[in-house]
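Numbering of the sequence shown is given in the numbering used here, commencing with residue 25 and proceeding in unit increments.
Have a look at the structure below, then the notes.
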Amino acid sequence: MNSFELNKIAGAVLGAALAVVVVNAVADIAISPSYPEKVAYVIDTGKEDSSAASTAVAADDGPSLGALLASADVGKGEKVFKKCSSCHTVEEGGKNKIGPNLYAVLGKQMATHAGFSYSSALTDMGAEWTYENLDAFLKKPKDFAKGTKMSFAGLKKPTDRANLIAYLRTLGTADTPLPAAN
Ligand code: HEC
Numbered sequence: 025m026n027s028f029e030l031n032k033i034a035g036a037v038l039g040a041a042l043a044v045v046v047v048n049a050v051a052d053i054a055i056s057p058s059y060p061e062k063v064a065y066v067i068d069t070g071k072e073d074s075s076a077a078s079t080a081v082a083a084d085d086g087p088s089l090g091a092l093l094a095s096a097d098v099g100k101g102e103k104v105f106k107k108c109s110s111c112h113t114v115e116e117g118g119k120n121k122i123g124p125n126l127y128a129v130l131g132k133q134m135a136t137h138a139g140f141s142y143s144s145a146l147t148d149m150g151a152e153w154t155y156e157n158l159d160a161f162l163k164k165p166k167d168f169a170k171g172t173k174m175s176f177a178g179l180k181k182p183t184d185r186a187n188l189i190a191y192l193r194t195l196g197t198a199d200t201p202l203p204a205a206n
């Protein structure tokens, strides 16, 4: 017997089994029709969605940026900066890479570092890099400046951002007053 014949036999057996299943199913329906006991429509009130949103907001409530900065760890911030260093230099007069040099960026007018070609997403902001703006930008760059060409997902942890901002502050802007720690 060759494998082609074996396949034919297997096919015939499977076909027969399938026929039995189909006949059984048809017989079941014909003999004992059944109806669903419950109404199948569920009316969506949208309530669950809004409660989920409010939980998300509550989960975001942690210590304020000022409080986090007041107890920030500059050394840890320098480590976090490793995620940025493929695109940014920080030393005074450092070159622009994929992103602009970040020396003394705290308090600086956005998108004004010499010799760097910014996206209009950033030039259109027309604001300064305050602590709060840096924090919001670094959390999710694409949310803060829609269309920014900084391809970085963001830093989810508020402490990572605060440590990093505290590190950036040491680079030429150490006298910038910290926000209130309330
Ligand atoms: C993949 C490369 C890349 C990475 C990683 C990256 N950046 Fe950027 N960054 C850019 C680019 C490009 C721009 C210019 C954005 C634009 O013009 O829209 C930018 C802009 C900025 C600016 C605005 C500077 C100014 O002069 O207005 C800041 C601040 C900044 N980045 C901080 C950071 C920090 C802090 C990190 C690490 C957490 C980081 N970036 C990670 C590429 C990057």
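We put the beta carbon where it would ideally sit given N, CA and C, even for glycine.
Local Cβ density within 10 Å of residue i, reported as buried at 16 or more and exposed below that
| i | result |
| --- | --- |
| A82 | Because A82 sits at a pLDDT of 47, beneath the cut-off of 50, its placement in the model cannot be relied upon, and the following sentence gives the value as read from the coordinates. A82 comes out exposed. |
| D167 | exposed |
| A135 | buried |
| N31 | exposed |
| D73 | Bear in mind that a pLDDT of 49 at D73, under 50, signals an unreliable position, so the number given afterwards is only what the model happens to contain. By the 10 Å Cβ count, D73 comes out exposed. |
Selection from the options that minimises the alpha carbon distance to residue i
| i | options | result |
| --- | --- | --- |
| K170 | R193, A145, A177 and T183 | A145 |
| E156 | T172, F176 and P182 | P182 |
| K107 | S175, K132 and F28 | S175 |
| T194 | E115, V37, G86 and L162 | E115 |
Beta-carbon spacing of residue i, residue j below 8 Å
| i | j | result |
| --- | --- | --- |
| G196 | A128 | yes |
| L126 | L179 | no |
| V98 | A190 | yes |
| N206 | G101 | no |
| L202 | R185 | no |
| H112 | K121 | yes |
Expected contact under 8 Å - CB spacing of residue i and residue j to nearest Å
| i | j | result |
| --- | --- | --- |
| T200 | L130 | 6 Å |
| D159 | L89 | 5 Å |
| K132 | E152 | 7 Å |
* To do: Note down, one range per segment and in chain order, each alpha helix (DSSP H) of at least 4 residues found wholly within the segment 145 to 192.
  => 155 to 163 and 165 to 168
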